[in-house]
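> Let me begin by handing over the structure; questions about it come next.
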Amino acid sequence: MNATRDGWLANPADAERREVRRAEVVSALEGVLPHELILSHREDTQPFECDGLTAYRAQPLVVVLPETEEQVVSILRTCKKVGAPVVARGAGTGLSGGALPHEMGVLLSLARFNRIVRVDPVSCTAVVQCGVRNAAISEAAATHGLYYAPDPSSQIACTIGGNVAENSGGVHCLKYGLTLQNVLKVRGYTIQGEAIEFGSEALDAPGLDLLGIVVGSEGMLAVTLEVTVKLIPKPELARCIVASFDTVEAAGNAVANVIAAGIIPAGLELMDKPMTAAVEDFVHAGYDLDAAAILLCESDGTTLEVEDEIVRMNAVLTASGATRLEVSQDEAQRLRFWSGRKNAFPATGRMSPDYLCMDSTIPRKNLAAILRAISEMELRYGLRCVNVFHAGDGNLHPLILFDANNPEELHLAEKFGAEILETSVTLGGTVTGEHGVGVEKLNSMCVQFSGAEREQMFALKRAFDSQSLLNPGKVIPTLHRCAEYGRMTVRRGMLAHPEIPRF
Amino acid sequence: MAQTPPELSHLIETIMYARNAGKFLNIVGGGTKCFYGEEQCGEPCDVRRLSGICSYEPSELVITARAGTPVEEIEAVLAKHNQYLAFEPPRFANGSTVGGVVAAGLSGPARVGGGSIRDFVLGATMINGKGELLTFGGQVMKNVAGYDVSRLLAGSMGILGVICEVSLKVLPIHSSRITLVVDRDEEAALSFLIGLARQALPVNASAWHDGKVFVRLSGAPSAVEEARKRLGGTVLEPGEALAWWDAVRDHRHAFFTRSDAPLWRISVPAVAQPMKAANQFIEWGGALRWLYTDDSIVEVRETASALGGHATLFRDPHRRSGVFTPPSGALLEVHRNLKHAFDPDGIFNVGRLYPGL
């Protein structure tokens with residue numbers, strides 16, 4: 118769904134009203150910001166029309182590129198005064214359209230806040246501005262033998278501000294946690310332009326634990342400008358096992374068996390056969406192309422600890438029916454094993470002009486069930502789907518291949534994706550594990566949450582932003598939208614199975 | 555809602571009654587933390603009939619239980635499968651319930667290695683001030699669908715609503731666990747503890763009191779053994795170690811059992827300066843400092859603030875008001891608005907977290 122397709126530009130009267138509004142907002146901003154930091158011509162705003170979810174595009178009224186905190190405060194106060202929506206943007210790598218511009222709003226690019234304020238090896242923390250790249254934090258901490266654990270696949274480009282907005286994970290979050298577990302403090306501004314801090318450098322902060330709600334709030338509660346992150350000592354050694362399986366079910370069971378054996382691997386990833394073939398073709402990692410599925414299972418820690426754990430992992434994987442096991446013998450080989458997994462998206466891009474990446478999470482026990490359901494959907498929709506999977510924490514990334522030049526295919530792909538999400542909810546899961554709702558999964562939120570739950574989320578947002586100016590229209594679908602989508606809430610939890618005596 | 559179980563319908567009725575009659579409700583589980591927080595007011599709203607484990611599958615690393623389920627029951631079931639609640643919830647008396655554990659938001663000694671209770675809350679079902687039954691989060695490790703209200707309930711002291719059911723992440727019990735004791739004065743102990751955090755060691759808990767540092771190592775046998783060799787000190791006999799940490803966790807250790815003076819919980823960055831105060835017990839690698847002092851609330855708050863942290867009047871023989879450090883500026887406004895967003899008529903645990911909230 119292209120946002121501009123049905124949007125303001127289509128209707129001449131709307132387009133004119135929009136130009137009038139643009140002039141108003143620009144003039145208000147020019148009162149507080151140097152002229153060169155305001156972009157309002159279409160050719161200048163075009164690069165900001167989408168984030169990593171390129172199927173959705175919209176032109177912002179204005180793009181602002183502040184360089185100082187004072188400028189951010191002035192922008193927020195101005196927007197609040199004139200009632201203009203504000204969408205904050207980092208590197209624009211998000212996969213759910215969380216940074217999709219608002220056609221009547223201001224796009225607040227925070228790219229210039231890219232300074233590492235300090236790395237403190239004594240307290241094992243780093244203070245970084247929101248626009249610092251994820252990987253840059255670990256690079257800066259490396260001289261102290263420390264690193265920042267969350268490693269989303271886009272880590273060379275994505276920024277910490279965006280990671281906070283999405284509560285980003287990565288392949289190592291099973292053992293080391295998500296962004297939330299690795300962030301101590303978020304400093305930023307409310308839509309009123311007031312300074313606000315969530316969390317603290319201590320292990321807790323007084324009052325309600327607002328850090329837990331702000332991390333993952335997709336820029337709808339406050340604008341993050343600075344983040345204090347936890348750094349942890351680099352493990353002495355990491356080794357990775359690549360295990361092949363004859364069936365996807367066997368690989369899924371092996372994952373459950375590893376966990377049941379009391380092992381929390383540093384990473385535990387699954388790729389199905391088509392995905393393996395695609396990445397092998399791209400990076401030549403030496404994967405087994407005959408396997409129905411391969412697992413990457415990583416151990417890290419001290420040398421002795423890793424040796425012990427690799428032995429235990431090998432035993433569990435063998436007992437679970439692994440047909441081939443290969444253990445990395447050195448760091449170069451380990452990185453090669455991971456290079457395939459980390460390049461799953463670009464490799465998919467080579468296979469197909471376009472793809473939709475889903476992000477649901479399910480209880481691990483339902484892995485085989487969801488993969489069977491996806492195979493059946495492939496036939497029904499006539500589209501291919503390849504699967505990568507953060508198997509350790511149940512987070513699926515089915516990639517639905519289509520050609521965007523064919524409107525029918527895009528439509529089918531969207532329906533295919535929505536069905537995967539609904540099936541995930543039915544299986545006890547959630548519509549998004551780490552990419553966020555953004556605009557992409559608004560409809561699916563109607564399936565996961567009841568009207569009262571969504572209204573409670575709106576109320577929570579209004580507690581921070583009474584006029585709903587920060588990233589409006591994202592994350593929580595309106596009642597009207599859900600009614601139009603016409604799907605019933607698929608309840609898991611308390612009322613899902615009324616036949617089971619629960620209380 | 556014909557499907558709503560009777561215990562829940564009863565709770566919703568109680569809430570609707572309170573709402574219409576303009577009465578306050580005081581949410582009660584095992585009543586083991588009545589001493590904590592500001593003075594309670596309102597009619598008791600007992601959640602203990604919501605009891606029992608709803609689902610638990612060890613390989614999923616998640617347990618879901620109704621709010622009134624005793625923590626002991628949950629831990630016993632987990633232990634059968636060699637798993638545990640890695641935030642090590644304190645219990646200050648028998649009968650502590652999981653709902654109360656989440657609402658109080660307290661984590662035990664293993665906070666250092668495991669994480670805080672908030673990190674382990676995966677989902678919750680609650681009733682808000684409008685009597686609506688709502689579910690947030692879920693039973694999976696990764697979930698960013700909407701705002702994760704379930705995490706917000708951790709430490710909310712019941713002011714946002716009645717917790718009915720919670721899903722908690724659980725972890726396997728490490729195969730090896732030992733406690734080392736090293737002699738150090740406060741200043742040396744703090745540098746020792748900060749040094750630990752910089753090394754990749756399986757430190758699960760740490761404490762300092764009366765010239766002795768206690769370090770609990772927990773992990774793979776090889777990692778624990780390597781750390782033991784590196785750190786030195788004496789190894790506590792396993793039974794003694796278990797009893798010692800349990801006593802610290804539950805405040806049965808002799809330091810915590812005084813009733814003649816106010817006990818302060820001072821949460822600071824681990825690298826904060828030594829307080830050089832008598833009557834002090836340090837936990838969490840230096841980040842948690844318990845202190846008996848007769849200094850005024852304002853004075854203790856200033857001390858904590860100068861160290862970069864905040865102070866809670868954890869137990870007070872005089873039950874003075876001003877237990878928690880109040881939020882200021884924009885945060886105060888957000889607190890008020892959130893209370894109103896969840897409990898528009900102000901019926902739940904009014905004043906328990908902050909006076910008037």
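For the protein sequence lines, the chains are A and B, in the order given.
Counting the first sequence from 1 gives a position; the numbering used here is that position plus 117.
Counting the second sequence from 1 gives a position; the numbering used here is that position plus 554.
Think of the CB as a built atom: it goes at the ideal place given N, C-alpha and C, for glycine as much as any other residue.
Please list, in chain order, the chain A residues whose beta carbon lies closer than 9 Å to that of F690(B).
Within the second sequence, numbered from 1, the residue matching residue 690(B) stands at position 136. Neighbours of F690(B) on chain A, chain order: F566, E570, Q573 and M574.
> Are R672(B) and D161(A) touching if we call contact CB-CB under 9 Å?
As a working note, residue 672(B) is residue 118 in the second sequence. As a working note, residue 161(A) is residue 44 in the first sequence. No, the pair does not count as a contact, with Cβ atoms beyond the cut-off.
> With the cut-off set at 9 Å, would you say A535(A) and L500(A) are in Cβ contact?
To locate residue 535(A), count along the first sequence from 1; it is residue 418. To locate residue 500(A), count along the first sequence from 1; it is residue 383. Cβ distance not < 9 Å, so A535(A) and L500(A) don't count as in contact.
> Might you give, ordered along the chain, the residues of its own chain that have their beta carbon closer than 8 Å to the beta carbon of R782(B), omitting 5 neighbours on each side?
By one-based count along the second sequence, residue 782(B) stands at place 228. Hits under 8 Å: I732, L734, L771 and V789.
> State the Cα-Cα distance for the pair A395(A) and A439(A), rounded to the nearest angstrom.
In the first sequence, residue 395(A) corresponds to position 278, counting from 1. In the first sequence, residue 439(A) corresponds to position 322, counting from 1. Cα-Cα distance, rounded: 21 Å.
> Between the alpha carbons of T549(A) and V694(B), how many angstroms are there, rounded?
Here the question's residue 549(A) lines up with position 432 in the first sequence. Here the question's residue 694(B) lines up with position 140 in the second sequence. Straight-line Cα distance between these residues: approximately 11 Å.
> Report, in whole angstroms, the separation of the C-beta atoms of T958(B) and C588(B), which I expect to be a contact under 8 Å.
The structure shown has nothing for residue 958(B), since chain B only spans 555 to 911.
> Is there a C-beta anywhere in chain B that falls below 9 Å from the one on R122(A)?
Taking the first residue of the first sequence as 1, we reach residue 122(A) at position 5. At R122(A) the pLDDT is 40, less than 50, meaning the model places this residue with poor confidence and gives no usable figure here.
> How should Q446(A) be labelled, buried or exposed, when 16 other C-beta atoms within 10 angstroms of its C-beta is the threshold for buried?
As a first step, residue 446(A) must be located in the first sequence, where it is residue number 329. By the neighbour-count criterion, in which 16 or more other beta carbons inside 10 Å mark a residue as buried, Q446(A) falls on the exposed side.
> Using the beta-carbon count (16 or more within 10 Å), is E616(A) buried or exposed?
Start at 1 with the first residue of the first sequence, and residue 616(A) comes out as number 499. With a pLDDT of 35 at E616(A), under the threshold of 50, the predicted position of this residue should be treated as unreliable, though the coordinate-derived value follows. Exposed, since its Cβ has fewer than 16 Cβ neighbours within 10 Å.
> Just confirm the distance between the C-beta atoms of G545(A) and P480(A), as a whole number of angstroms; I'd bet it's less than 8 Å.
Residue 545(A) sits at position 428 when you count from the first residue of the first sequence. Residue 480(A) sits at position 363 when you count from the first residue of the first sequence. Sure, about 5 Å apart at Cβ, within 8 Å.
> Helix, strand or coil: which one does DSSP assign to L790(B)?
Here residue 790(B) refers to the residue found at position 236 when the second sequence is read from its first residue. In the structure shown, L790(B) sits in coil (DSSP, three-state: anything other than H, G, I, E or B).
> With respect to the alpha helix (DSSP H) encompassing A391(A), which residues constitute its N-terminal and C-terminal limits?
Sequence index remark: in the first sequence, residue 391(A) carries index 274 (1-based). Inspection of the sequence shows that residue 391(A) is occupied by Pro rather than by Ala. Unbroken alpha helix (DSSP H) run through P391(A): K390 to V400.
> Give the range of the alpha helix (DSSP H) segment to which C196(A) is assigned.
Walking along the first sequence from the start, residue 196(A) turns up at place 79. Per DSSP, the continuous alpha helix (DSSP H) segment holding C196(A) begins and ends at E186 to V199.
> From C474(A) to E220(A), what does the alpha carbon distance come to, in whole angstroms?
Here residue 474(A) refers to the residue found at position 357 of the first sequence. Here residue 220(A) refers to the residue found at position 103 of the first sequence. Roughly 25 Å between the two C-alpha positions.
> How would you call R250(A), buried or exposed, if buried means at least 16 neighbouring beta carbons within 10 angstroms?
The residue you call residue 250(A) lines up with position 133 of the first sequence. Flag for R250(A) reads buried.
> Put H597(A) into one of helix, strand or coil per three-state DSSP.
For this step, residue 597(A) is matched to residue 480 along the first sequence. Helix.
> So, is the C-beta of D425(A) closer than 9 Å to a C-beta in chain B?
Start at 1 with the first residue of the first sequence, and residue 425(A) comes out as number 308. At least one chain B Cβ lies under 9 Å of D425(A).
> Given a threshold of 16 other Cβ atoms within 10 Å of its Cβ, counted over all protein chains shown, does N523(A) qualify as buried or as exposed?
Translated into the one-based positions of the first sequence, residue 523(A) becomes position 406. By the neighbour-count rule (16 or more Cβ atoms within 10 Å), N523(A) is not buried but exposed.
> Would you kindly work out how many angstroms separate the C-alpha atoms of Q176(A) and E343(A), rounded to a whole number?
As a position in the first sequence, residue 176(A) is number 59, starting the count at 1. As a position in the first sequence, residue 343(A) is number 226, starting the count at 1. Roughly 27 Å separates the two Cα atoms.
> Under the DSSP definition of a beta bridge, which residues are partnered with S416(A)?
Counting from 1 along the first sequence, the entry for residue 416(A) is found at position 299. For S416(A), the beta-bridge partners assigned by DSSP are R356(A).
> Pop quiz: L297(A) and S670(B) are said to be a contact at Cβ under 8 Å. What is the actual Cβ separation, rounded to whole angstroms?
Within the first sequence, the letter at position 180 stands for residue 297(A). Within the second sequence, the letter at position 116 stands for residue 670(B). Contact doesn't hold; Cβ gap of about 10 Å is too wide.
> When the cut-off is 9 Å and only beta carbons count, does Q298(A) lie next to chain B?
Looking up residue 298(A) in the first sequence gives position 181. Taking 9 Å as the threshold, the shortest C-beta distance from Q298(A) to chain B falls below it.
> Report yes if the C-beta distance between D268(A) and G211(A) is below 9 Å; otherwise report no.
Stepping through the first sequence from its first residue, residue 268(A) is reached at position 151. Stepping through the first sequence from its first residue, residue 211(A) is reached at position 94. Cβ distance not < 9 Å, so D268(A) and G211(A) don't count as in contact.
> Helix, strand or coil, according to DSSP, for K684(B) in the structure here?
Residue 684(B) sits at position 130 when you count from the first residue of the second sequence. Note: K684(B) maps to coil in three-state DSSP.
> May I ask you to list the residues that DSSP assigns as paired with T540(A)?
Indexing the first sequence from 1 puts residue 540(A) at position 423. In DSSP, T540(A) forms no bridge with anything.
> Under the three-state reduction of DSSP, which class applies to N574(B): helix, strand or coil?
Within the second sequence, the letter at position 20 stands for residue 574(B). It is helical.
> Measuring CB atoms only, is the stretch 820 to 830 of chain B touching the stretch 861 to 868 of chain B, in the sense that at least three cross pairs come out at less than 8 Å?
yes
> Given a cut-off of 9 Å on the beta-carbon distance, is the pair G287(A) and M388(A) in contact?
As a position in the first sequence, residue 287(A) is number 170, starting the count at 1. As a position in the first sequence, residue 388(A) is number 271, starting the count at 1. Not in contact: G287(A) and M388(A) (Cβ atoms no closer than 9 Å).
> Under 9 Å Cβ-Cβ, which residues of chain B neighbour A259(A)?
Here residue 259(A) corresponds to residue number 142 of the first sequence, with the count starting at 1. Chain B residues near A259(A): none, gap ~14 Å exceeds 9 Å.
> Please give the ranges of any alpha helix (DSSP H) in the stretch 801 to 880 of chain B, keeping only runs that are unbroken, at least 4 residues long and fully inside the region.
851 to 860
> For F690(B), list the residues DSSP reports as bridge partners.
As a working note, residue 690(B) is residue 136 in the second sequence. BP columns for F690(B) point to A678(B).
> Considering Cα atoms alone, identify which of A754(B), D897(B), Y908(B) and R603(B) is closest to G576(B).
The count along the second sequence starts at 1 and reaches residue 576(B) at position 22. Checking every option, the nearest Cα to that of G576(B) belongs to D897(B).
> Who are the Cβ neighbours of E495(A) in its own chain at under 7 Å, not counting the five residues just before and after it?
In the first sequence, counting from the first residue as 1, residue 495(A) sits at position 378. Cβ within range, chain order: R501 and C502.
> Measure the C-alpha to C-alpha separation of G568(A) and A408(A) and round it to an integer number of angstroms.
In the first sequence, the residue the question calls residue 568(A) occupies position 451. In the first sequence, the residue the question calls residue 408(A) occupies position 291. Roughly 44 Å separates the two Cα atoms.
> Can you tell me the Cα-Cα spacing of I427(A) and I381(A), whole angstroms?
Mapped onto the first sequence, residue 427(A) falls at position 310. Mapped onto the first sequence, residue 381(A) falls at position 264. Approximately 12 Å between the Cα atoms of the pair.
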